[in-house]
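One line per chain: the protein sequences are A and B, in this order.
The first sequence begins at -5 in the working numbering and counts up one residue at a time.
The second sequence begins at -5 in the working numbering and counts up one residue at a time.
All C-beta atoms, glycine included, are put in the ideal place defined by N, C-alpha and C.
Just so we're clear, the structure is a prediction, and the values are computed from it rather than from any experiment.
Take a look at the structure below.
Protein chains: 2
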Amino acid sequence: MTALASFEAELRTCWDVFRDPVGAPDRTPRHTIGEVSAASGLTAHTLRWYERIGLLDPVDRSASGQRRYSDADLHRLAFLGRLRLTGMPVADMLRYVELAREGERTSGDRRDLLLAHREAVRQQIADLHATLAVLDHKIDVYNGRLARCAASH
Amino acid sequence: MTALASFEAELRTCWDVFRDPVGAPDRTPRHTIGEVSAASGLTAHTLRWYERIGLLDPVDRSASGQRRYSDADLHRLAFLGRLRLTGMPVADMLRYVELAREGERTSGDRRDLLLAHREAVRQQIADLHATLAVLDHKIDVYNGRLARCAASH
DNA sequence: GGCTTGCTTCGAGTGCACTCCAAGCCGTTA
DNA sequence: TAACGGCTTGGAGTGCACTCGAAGCAAGCC
């Protein structure tokens, strides 16, 4: 079963790797841009653009020059996607990967960047919950279950 | 005490009204654009722009032509600000207020709009929590408390 | 062979949400 | 009275994050 699991791990689809980017990624270039696009939700255009601006390291190419993404690329992309989805500006993401390229000595800076983003994320969660309460109330009003004391705004 | 409370309610500052927009708002135009800007976090430019595109009804003016916002304006603005803060596009906010202007018969549409946004908000909260978990893990790694199995991405 | 699909390049274009500018008016403070 | 800060306008400008176009190459399939 262990043998099977590790065998299957080698065959994980692009989608699976992206959705659950754990463990040591292998660096075999094997995913096409179309697969990565489908898995990540980013368009092929956006994936190329990320590479152009330096968010991704130059991706390996097939014999005919087409991009082949490795699991390691997918891991990075999955993390960057999370940062992006939660509102980090591309410029900050770029700063993070550039620090990472400089190696170990920048780990403090990177940690600080993530700490700051974590605070931003917490703030967003608080804002969203507060808004959820307002929405729940207004929807109740629209459903006619409560007095419509505030329905005009 | 009731008399005092209602007396003070008349005197609520722009900031207070914006932060806690409850009860029947009075329509006396009394807040300057600068006050509203400070209370709402929106710039004066943005407030004028919101009015220009129809998100706010035409605001009352002083004798010399300057804007004077009423508590009712602040209530609407507070709600719109929440929608905006939680990612609703300006176009959708506009649709909402235009429906509201059409009166009672559009209340179903408005409710649907809010229902859809509530779903979007819930989705955002889920995404943020998932990212928080990833950030917590990575920050632990950077703090050296865990094996650095994923520090390269 | 011919068709479809997907990929390549990079500069230009798009959409959103502000954000600013210039010229001038108004009310208050020194 | 003179300066100062805040307010007015419409239109133009900005920054971000994509998003697309055009021309062409390559692989898979009937």
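Membership of G102/A in the alpha helix (DSSP H) is indicated by the continuous run S101 to Y136. Using a CB distance below 7 Å, the part of the region 51 to 85 of chain A facing chain B consists of H69, R70, F73, R76, L79 and T80, ordered along the chain.
The Cβ neighbour count for T80/B, taken over all protein chains shown within 10 Å, is at least 16; the residue is labelled buried. Ranked by Cα distance from V11/B, the first of R70/B, T40/B and G59/B is R70/B. In the structure shown, the three-state DSSP call for R70/B is helix.
CA-to-CA, the gap between L129/B and M82/A works out to about 13 Å. Cβ contact annotation for Y44/B (same chain, cutoff 7 Å, sequence separation greater than five): L50, in chain order.
Contacts with chain A at 8 Å (Cβ-Cβ) include L108/B. In this structure G97/B is exposed. Its beta-carbon is surrounded by fewer than 16 other beta-carbon atoms within 10 angstroms. Shown here, R42/A sits in a helix according to DSSP, grouped into three states. Less than 8 Å divides the Cβ of D103/B from the Cβ of L93/B. Burial check for G35/A: the Cβ neighbour count within 10 Å stays below 16, so the residue is exposed.
The three-state secondary structure of R89/B, taken from DSSP, is helix. According to the DSSP assignment, D10/A belongs to the alpha helix (DSSP H) that extends over C8 to R13.
DSSP, reduced to helix, strand and coil, places R21/B outside both helices and strands of the structure shown, so it counts as coil.
Contacts between S31/A and chain B, judged by CB atoms closer than 8 Å, are missing: the closest CB pair is about 19 Å apart.
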